[in-house]
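Visitor: Could you have a look at this structure, given as structure tokens, before my questions?
In full-length UniProt numbering, the protein residues as written are 1 to 345.
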């Protein structure tokens, strides 16, 4: 079988605003190949002298810069990259049951970011080692909600963009087509996100687990999973759960405590700000307050800082202050915890 994979295409109008998700092969490749460009502020004199059209275009470019998630090298990202790298090397010559990794933790603790960064680093290594090939080193899918074996197989087929899969195709046909292509494309890393949706205490969850096990046994690849509080979601229930637990390493993520690493994360995010009246060091000085606002959650911190930067551009203040941060709203869980504490205090 010839594997016809999409060629890299230049972004068209609106592509930057409606980025294709990485759960498709073309979207994943765009994620892997995307260069992180550093936006340069113009001089204050030039900025103040811009006409309305030039100012609008310039501000839109800065908003795009701040709206994009900036990957911060947290200890979680480093640990997942290290453990994932070790497992792919360990499994390279394995013919039996391969070892996997499960990333489990609370919401907005950087699980998905770490998972995708692991995949990106792996694919870049493979491309460097085998330039010019038609390999598909990494597959990234999400566990389907209320999933079934067929839905899981279709997630893989959708990632590959298989044109021959019809709604009438049965689970076995879809699975066989997916496995054949991934074997020929030399896929050696499979990332499965939202794994907490798979509850082995249900019949559908058991079938989904059996099907995932089939993939792990028929694909010479390392499987890495991520989900919310996986150990309490039913994934390790019963015989099937024991088998998963016996094959996978469990890596926990959580909120960051106050301290040097938290201040370092704030400093990394502060360095991405592109505001004309911003005083360097402001956010670092507010590190304790930011920890209160976000509960130490890296996702909530990123949300709040990027929201503040965009707000500063829109209202013309070009700076970030505690008063401004206090007026902004982020995810409900963080707001509930912070506002509740503030009211109680």
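Note that beta-carbon positions come from the ideal geometry of N, C-alpha and C, so glycine has one too. Source: prediction; values computed, not measured.
(1) Do you know how far the Cα of residue 203 is from the Cα of residue 297?
(2) Out of 148, 322, 254, 83, which one is the CA nearest neighbour of residue 354?
(3) My assumption, with CB atoms under 8 Å, is that residue 103 sits in contact with residue 111. Please give the rounded CB distance.
(4) If you draw a straight line from the alpha carbon of residue 135 to that of residue 162, how long is it in whole angstroms?
(5) Per DSSP, residue 225 forms a beta bridge with which residues?
(6) Starting from residue 140, follow the beta strand (DSSP E) in both directions and report where the run begins and ends.
(7) Of the choices 247, 183, 186, 149, whose alpha-carbon is the least far from that of residue 212?
(8) Who are residue 252's beta bridge partners in DSSP?
(9) In whole angstroms, give me the CA-to-CA distance for residue 307 and residue 328.
(10) What's the call for residue 39, buried or exposed, on a 16-neighbour Cβ count within 10 Å?
(11) So residue 318 packs on residue 277, CB below 8 Å; how close in whole Å?
(12) Let me know the alpha helix (DSSP H) ranges lying completely inside the region 257-305, each 4 residues or longer, listed in chain order.
(13) The alpha helix (DSSP H) with residue 176 in it runs from where to where?
(14) Using the C-alpha atoms, what's the distance from residue 198 back to residue 330?
(15) Rounded to the nearest angstrom, what separates residue 223 and residue 74 at their Cα positions?
(16) Tell me whether residue 216 sits in a helix, a strand or coil according to DSSP, three-state version.
(17) Would you call the CB atoms of residue 249 and residue 70 closer than 8 Å?
(18) Less than 7 Å between C-beta atoms, sequence neighbours within five positions excluded: which residues of the same chain meet that for residue 218?
(19) Mapping the DSSP letters down to three states, classify residue 14 as helix, strand or coil.
(20) Check whether the Cβ atoms of residue 309 and residue 286 sit closer than 8 Å, and answer yes or no.
(21) Once DSSP output is grouped into helix, strand and coil, what is the label at residue 349?
(22) Report buried or exposed for residue 334, applying the criterion of at least 16 other Cβ atoms within 10 angstroms of its Cβ.
(23) Please state whether DSSP places residue 50 in a helix, a strand or coil.
(24) For the region 227-236 against the region 87-100, do three or more pairs of beta-carbon atoms, one drawn from each stretch, fall closer than 8 Å, so that the two count as touching?
(25) If the criterion is Cβ atoms closer than 8 Å, does the pair residue 106 and residue 254 meet it?
(26) Figure out for me which residue from 257, 114, 304 has the closest Cα to the Cα of residue 226.
(27) Return helix, strand or coil for residue 35, following the three-state DSSP convention.
(28) On the three-pair Cβ rule with 8 Å, is the region 179-197 touching the region 57-72?
(29) Could you tell me whether any non-hydrogen atom of the ligand FMN is closer than 7 Å to the CB of residue 227?
(30) Would you mind stating whether residue 119 and residue 182 have Cβ atoms separated by less than 8 Å?
(31) Given a cut-off of 8 Å on the beta-carbon distance, is the pair residue 138 and residue 28 in contact?
(32) Taking the alpha carbon of residue 122 as the reference point, which residue from 100, 20, 24, 32 has its own alpha carbon closest?
Guide: A quick look at the data gives this:
(1) By 1-based counting over the chain shown, the position of residue 297 is 297. By 1-based counting over the chain shown, the position of residue 203 is 203. Between residue 297 and residue 203, the C-alpha separation is close to 34 Å.
(2) Only positions 1 to 345 of the chain appear in the structure, and residue 354 is not among them; the question remains open.
(3) Locating residue 103 in the chain shown gives position 103, counting from the first residue. Locating residue 111 in the chain shown gives position 111, counting from the first residue. That belief holds up - the Cβ atoms of residue 103 and residue 111 are roughly 5 Å apart, short of 8 Å.
(4) Within the chain shown, numbered from 1, the residue matching residue 135 stands at position 135. Within the chain shown, numbered from 1, the residue matching residue 162 stands at position 162. The straight-line gap from Cα to Cα measures roughly 16 Å.
(5) As a position in the chain shown, residue 225 is number 225, starting the count at 1. According to DSSP, which records beta bridges pairwise, residue 225 is partnered with 102, 192.
(6) Within the chain shown, residue 140 is the residue found at index 140, counting from 1. Unbroken beta strand (DSSP E) run through residue 140: 138-142.
(7) Counted from its first residue, the chain shown places residue 212 at position 212. Checked all of 247, 183, 186, 149; the closest Cα to residue 212 is 149.
(8) Position 252 of the chain shown, counting from 1, holds the residue named residue 252. For residue 252, the beta-bridge partners assigned by DSSP are 104.
(9) The residue you call residue 307 lines up with position 307 of the chain shown. The residue you call residue 328 lines up with position 328 of the chain shown. So the two alpha carbons sit approximately 8 Å from each other.
(10) Stepping through the chain shown from its first residue, residue 39 is reached at position 39. Residue 39 is exposed by the Cβ-count criterion.
(11) Start at 1 with the first residue of the chain shown, and residue 318 comes out as number 318. Start at 1 with the first residue of the chain shown, and residue 277 comes out as number 277. Indeed, because the Cβ distance is near 4 Å, the residues count as touching under 8 Å.
(12) 260-270, 282-285, 287-294
(13) As a working note, residue 176 is residue 176 in the chain shown. Residue 176 -> alpha helix (DSSP H) spans 171-184.
(14) Here residue 330 refers to the residue found at position 330 of the chain shown. Here residue 198 refers to the residue found at position 198 of the chain shown. Using only the alpha carbons, I get a separation of about 28 Å.
(15) On the chain shown, position 223 is the one that residue 223 refers to. On the chain shown, position 74 is the one that residue 74 refers to. Whole-angstrom Cα-Cα distance: 22 Å.
(16) By 1-based counting over the chain shown, the position of residue 216 is 216. Helix at residue 216.
(17) Working through the chain shown from its first residue, we reach residue 249 at position 249. Working through the chain shown from its first residue, we reach residue 70 at position 70. No, these two residues do not count as a Cβ contact at 8 Å.
(18) Position 218 of the chain shown, counted from the start, is the residue given in the question as residue 218. Correct list, in chain order: 179.
(19) Taking the first residue of the chain shown as position 1, residue 14 is located at position 14. Annotation note: pLDDT 41 at residue 14 (below 50); position unreliable, coordinate value reported separately. Coil, per DSSP.
(20) Indexing the chain shown from 1 puts residue 309 at position 309. Indexing the chain shown from 1 puts residue 286 at position 286. No, Cβ-Cβ distance for residue 309 and residue 286 is not below 8 Å.
(21) Given that the chain is displayed from residue 1 to residue 345, the structure contains no residue 349 and the question cannot be resolved.
(22) Counting from one through the chain shown, the residue named residue 334 turns up at place 334. It counts as buried.
(23) Position 50 of the chain shown, counted from the start, is the residue given in the question as residue 50. Three-state DSSP puts residue 50 in coil, outside helix and strand.
(24) These segments do not touch.
(25) Your numbering for residue 106 matches position 106 in the chain shown. Your numbering for residue 254 matches position 254 in the chain shown. Yes, the Cβ-Cβ distance between residue 106 and residue 254 is below 8 Å.
(26) For the purposes of this step, residue 226 is taken as the residue at position 226 of the chain shown. Per the Cα distances, 114.
(27) Along the chain shown, read from residue 1 onward, the residue named residue 35 stands at position 35. DSSP places residue 35 in coil when its eight states are reduced to three.
(28) Touching, no.
(29) Only the bare structure without any ligand can be found here, which leaves the ligand FMN out of the picture.
(30) As a position in the chain shown, residue 119 is number 119, starting the count at 1. As a position in the chain shown, residue 182 is number 182, starting the count at 1. Contact flag unset, no.
(31) One-based indexing of the chain shown puts residue 138 at position 138. One-based indexing of the chain shown puts residue 28 at position 28. In this structure, residue 28 lies closer than 8 Å to residue 138 by Cβ.
(32) Counted from its first residue, the chain shown places residue 122 at position 122. Considering only alpha carbons, the answer is 32.
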